[in-house]
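**Q** Numbering (our numbering), first residue to last: 871 to 1246.
All C-beta atoms in this analysis are idealised placements derived from N, C-alpha and C, irrespective of residue type, glycine included.
Dropping the structure in here first, questions after.
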Amino acid sequence: MKKRLYSPFPTSGYYGPEYFCDRENESELLMQNARGGNSTTLISLRRLGKTALIKHVNHLLKAEFLCIYIDILPAENLDHMMNFLATSIANSVEEKSTTGKKIWNYLRSLRPVISYDNYSGTPSLSFSMGQEGSKNQLAGLFRFLEEQSVPVLLAIDEFQQILNFPEKNIDAWFRSLMQELNNVVFIYSGSEQHLVNEMFSSPSKPFYRSSQIVNLHKIDDAIYTDFIIQKFSERGKTITEEIVNGILKWTDTHTYYVQLLLNRLFLVSGKKISEEEWKNEAYKLLKEQEYVFFGYRDLLSPQQWKLLKACALDNKVYEPTSSEFVNSHTLGSPSTVLRSLHSLLSKEILYKHYDSDGKHYYAVYDVLFKRWIGMV
Ligand SMILES: Nc1ncnc2c1ncn2[C@@H]1O[C@H](COP(=O)(O)OP(=O)(O)O)[C@@H](O)[C@H]1O
Ligand SMILES: [Mg+2]
């Protein structure tokens, strides 16, 4: 955790508080909920910082909780989820410590196949039990966590993925399982906003009101600006507020894109960062991604492509079927636009979002694509 990064702006993973900007209120809230035994559900656009925030909170709470993290996006069924969970539990403790010995004895008793990563040597556990078997095993694993003398904080990232599992009514089954746990607090997190919203805030769904829903927003511009200037200056470089403003505007303060651009800018720049340096890096990013953007075009129908371009140019689109929008971009009829809109939303190329005053708008998910459209 303590290794010094070449660039103080990592673009994946969590490297400790030193490289982590703000999120103080959100961290506080998550910690407070964990200590009070209440679960939290984190929702936001992709790449805004949910995973990093969870890792940060785990870091802050590691003396109080046994923190377990699983990302179930790659899981296709309960079996896979069981493997992830067992692996994560195994890796969250020192095998030789008192708790570690207990946990490892228990996990071994389930007779997993244990394999070790060639490079890092970390173990990974796998079971193949079939549906009923993995239900029982998962329930057993939760009961085991329930009996630990330390409280457990279990984060399940990309939780909406359980809805894609082939097992029926898996959310109801989970919910009933989790309800019985007093020693385990959950953090759920997900990017597919409508899904997660529906799972947790619709009265007919099992997870209704089971946790506090937290919408993660963009990092405040002023706070991010101070952070960025400080990270440069800690390593003997200067960047002006004006340049940082330009960068935040260009990246929409969408965390991943901010980090990506700064990561590279830091590495290529001299002692004083110039306007030309950052714009050049930004341009190179777009050029590198060009094949991805051409790929979008090949995947989409001509109408969808046109609509996507129109949204990219307009930045935020409040009324995609208004004659003003449709005509100014020659998009054909409103019904065609509506069809394309739904398709682009379901592919997560566009997203729908609410303003602070409750009005919704549509925008392009990929910031680089948006900028690229503006350039060509
Ligand atoms: N508060 C933060 N400070 C600095 N970098 C962050 C912060 N939050 C997220 N990041 C970085 O932004 C990128 C996207 O964050 P991530 O947590 O993966 O988003 P999400 O889980 O919402 O898709 C990652 O590279 C991560 O390192
Ligand atoms: Mg994530």
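#1: Does the distance from the CB of Val1054 to the CB of Gly1060 come in under 8 Å?
#2: Excluding the five sequence neighbours on either side, which residues of its own chain have a C-beta within less than 8 Å of the C-beta of Arg917, listed in chain order?
#3: Residue ranges of each alpha helix (DSSP H) run of no fewer than 4 residues wholly in the segment 904 to 936, ordered along the chain?
#4: Give me the residue from Thr910, Glu1145, Tyr885 and Ala945 with the minimum Cα distance to Tyr1058.
#5: Under the three-state reduction of DSSP, which class applies to Leu1086: helix, strand or coil?
#6: State yes or no: is the C-beta of Arg893 nearer than 7 Å to some heavy atom of ligand 1?
#7: Taking the alpha helix (DSSP H) that Lys1179 falls in, what are its first and last residues?
#8: Measure the C-alpha to C-alpha separation of Gly1140 and Ile1113 and round it to an integer number of angstroms.
#9: Does the beta-carbon of Lys920, which I'm using as the reference point, lie nearer than 7 Å to any heavy atom of ligand 2?
#10: By the DSSP assignment, the alpha helix (DSSP H) with Ile959 in it spans what residues?
#11: Give me, in chain order, the residues of the same chain whose beta-carbon lies closer than 7 Å to that of Tyr1231; leave out the 5 immediate sequence neighbours on both sides.
#12: Does the Cβ-Cβ distance between Ile959 and Leu977 come in under 8 Å?
#13: For Thr968, tell me which candidate among Asp1041, Ser1103 and Val1020 has the shortest Cα-Cα distance.
#14: Can Val1234 and Leu1170 be called in contact, C-beta distance under 8 Å?
#15: In the segment 1112 to 1156, which residue ranges form an unbroken alpha helix (DSSP H) of at least 4 residues, counting only runs that do not cross its ends?
#16: On a Cα-Cα basis, can you pick out the residue from Lys1240, Arg1209 and Gln1173 that is closest to Asp1184?
#17: Report all residues from its chain with a CB closer than 7 Å to the CB of Asn953; omit the five preceding and five following residues, and keep chain order.
#18: Provide the residue span of the beta strand (DSSP E) that contains Lys1222, from first to last.
#19: Report the partner residues of Leu995 according to the DSSP bridge assignment.
#20: Taking 7 Å as the cut-off, is the C-beta of Tyr843 nearer than that to any heavy atom in ligand 1?
#21: May I ask you to report which of helix, strand or coil DSSP gives Phe1044?
#22: In its own chain, which residues sit with a C-beta less than 6 Å from the C-beta of Ser1081, not counting the 5 before and 5 after it?
#23: List the endpoints of the continuous alpha helix (DSSP H) containing Leu1238.
#24: When the Cα atoms are used, what is the spatial distance from Met871 to Tyr889?
#25: For Gln1030, which of Glu1068, Arg1134, Gly970 and Asn975 has the nearest alpha-carbon?
#26: Just the C-alpha distance for Glu1194 and Gly1244, rounded to the nearest angstrom, thanks.
#27: Measure the alpha-carbon distance for Tyr885 versus Asp949 and round it to whole angstroms.
#28: Quick check on Ala1233: does DSSP put it in helix, strand or coil?
#29: Starting from the C-beta of Ala1182, find all residues in its chain whose C-beta is less than 6 Å away, skip the five residues before and the five after it, and write them out in chain order.
#30: How many angstroms separate the CA atom of Thr1206 from the CA atom of Tyr1221?
#31: Check this for me: beta carbons of Ala904 and Phe935, under 8 Å apart or not?
**A** Taking the coordinates as given:
#1: Taking the sequence shown and counting its residues from 1, one reaches residue 1054 at position 184. Taking the sequence shown and counting its residues from 1, one reaches residue 1060 at position 190. Gly1060 sits away from Val1054, with the two beta carbons spaced by 8 Å or more.
#2: One-based indexing of the sequence shown puts residue 917 at position 47. Answer for Arg917: His1124, Thr1125, Tyr1126 and Tyr1127, listed in chain order.
#3: Complete alpha helix (DSSP H) runs here, min 4: 920 to 931.
#4: By 1-based counting over the sequence shown, the position of residue 1058 is 188. Answer by Cα proximity: Thr910.
#5: Here the question's residue 1086 lines up with position 216 in the sequence shown. Note: Leu1086 maps to coil in three-state DSSP.
#6: Here the question's residue 893 lines up with position 23 in the sequence shown. Taking 7 Å as the cut-off, the C-beta of Arg893 counts as close to a heavy atom of ligand 1.
#7: Indexing the sequence shown from 1 puts residue 1179 at position 309. Pro1172 to Asp1184 is the extent of the alpha helix (DSSP H) around Lys1179.
#8: Position 270 of the sequence shown holds residue 1140. Position 243 of the sequence shown holds residue 1113. Rounded to the nearest angstrom, the two C-alpha atoms are 14 Å apart.
#9: Start at 1 with the first residue of the sequence shown, and residue 920 comes out as number 50. Taking non-hydrogen atoms of ligand 2 into account, the C-beta of Lys920 is found less than 7 Å away from one of them.
#10: The count along the sequence shown starts at 1 and reaches residue 959 at position 89. Note, Ile959: alpha helix (DSSP H), Leu948 to Asn961.
#11: Within the sequence shown, the letter at position 361 stands for residue 1231. In the same chain as Tyr1231, and ignoring 5 residues on each side of it, the C-beta atoms closer than 7 Å to its own belong to Lys1186, Val1187, Tyr1188, His1223 and Asp1225, in chain order.
#12: Counting from 1 along the sequence shown, the entry for residue 959 is found at position 89. Counting from 1 along the sequence shown, the entry for residue 977 is found at position 107. In contact: Ile959 and Leu977 (Cβ atoms closer than 8 Å).
#13: Indexing the sequence shown from 1 puts residue 968 at position 98. It is Val1020 whose Cα lies nearest to the Cα of Thr968.
#14: Position 364 of the sequence shown, counted from the first residue, corresponds to residue 1234. Position 300 of the sequence shown, counted from the first residue, corresponds to residue 1170. For Val1234 and Leu1170, no; Cβs fall outside 8 Å.
#15: As far as the segment 1112 to 1156 is concerned, its whole alpha helix (DSSP H) runs of at least 4 residues are 1125 to 1138.
#16: Taking the sequence shown and counting its residues from 1, the one referred to as residue 1184 is at position 314. Checked all of Lys1240, Arg1209 and Gln1173; the closest Cα to Asp1184 is Lys1240.
#17: Residue mapping note: residue 953 aligns to position 83 of the sequence shown, counting from 1. Cβ-Cβ distances below 7 Å link Asn953 to Leu995, Ser996 and Phe997 in the same chain, with the five nearest sequence neighbours on each side left out; the list follows chain order.
#18: On the sequence shown, position 352 is the one that residue 1222 refers to. Leu1220 to Tyr1224 is the span of the beta strand (DSSP E), which, as asked, contains Lys1222.
#19: Working through the sequence shown from its first residue, we reach residue 995 at position 125. DSSP output for Leu995 lists Ile984 as bridge partner(s).
#20: Within the shown structure, residues of the chain are numbered from 871 to 1246, placing residue 843 beyond reach of any answer.
#21: Taking the sequence shown and counting its residues from 1, one reaches residue 1044 at position 174. In the three-state scheme derived from DSSP, where H, G and I count as helix and E and B as strand, Phe1044 is classed as helix.
#22: Locating residue 1081 in the sequence shown gives position 211, where the first residue counts as 1. If the five residues before and after Ser1081 are omitted, its C-beta is found closer than 6 Å to the C-beta atoms of Ser909, Thr910 and Thr911, all from its own chain and listed in chain order.
#23: For the purposes of this step, residue 1238 is taken as residue 368 along the sequence shown, with counting starting at 1. From DSSP, the alpha helix (DSSP H) with Leu1238 extends over Val1237 to Met1245.
#24: Along the sequence shown, read from residue 1 onward, the residue named residue 871 stands at position 1. Along the sequence shown, read from residue 1 onward, the residue named residue 889 stands at position 19. Note that Met871 has pLDDT 48, beneath the 50 cutoff, so the model's placement of it is unreliable and the number below is only indicative. Inter-residue distance for Met871 and Tyr889 is about 11 Å (C-alpha atoms, whole angstroms).
#25: Start at 1 with the first residue of the sequence shown, and residue 1030 comes out as number 160. Among Glu1068, Arg1134, Gly970 and Asn975, the Cα nearest to that of Gln1030 belongs to Glu1068.
#26: The count along the sequence shown starts at 1 and reaches residue 1194 at position 324. The count along the sequence shown starts at 1 and reaches residue 1244 at position 374. Between Glu1194 and Gly1244, the C-alpha separation is close to 20 Å.
#27: Taking the first residue of the sequence shown as 1, we reach residue 885 at position 15. Taking the first residue of the sequence shown as 1, we reach residue 949 at position 79. Counting only the Cα atoms, Asp949 lies some 30 Å from Tyr885.
#28: Taking the sequence shown and counting its residues from 1, one reaches residue 1233 at position 363. DSSP places Ala1233 in the strand class (E or B) of the three-state scheme.
#29: Taking the sequence shown and counting its residues from 1, the one referred to as residue 1182 is at position 312. Closer than 6 Å at Cβ, skipping near neighbours: Val1234, Lys1240 and Ile1243.
#30: Residue numbering aside, residue 1206 sits at position 336 when the sequence shown is read from its first letter. Residue numbering aside, residue 1221 sits at position 351 when the sequence shown is read from its first letter. Computed Cα separation, rounded: 18 Å.
#31: Start at 1 with the first residue of the sequence shown, and residue 904 comes out as number 34. Start at 1 with the first residue of the sequence shown, and residue 935 comes out as number 65. Closer than 8 Å, so yes.
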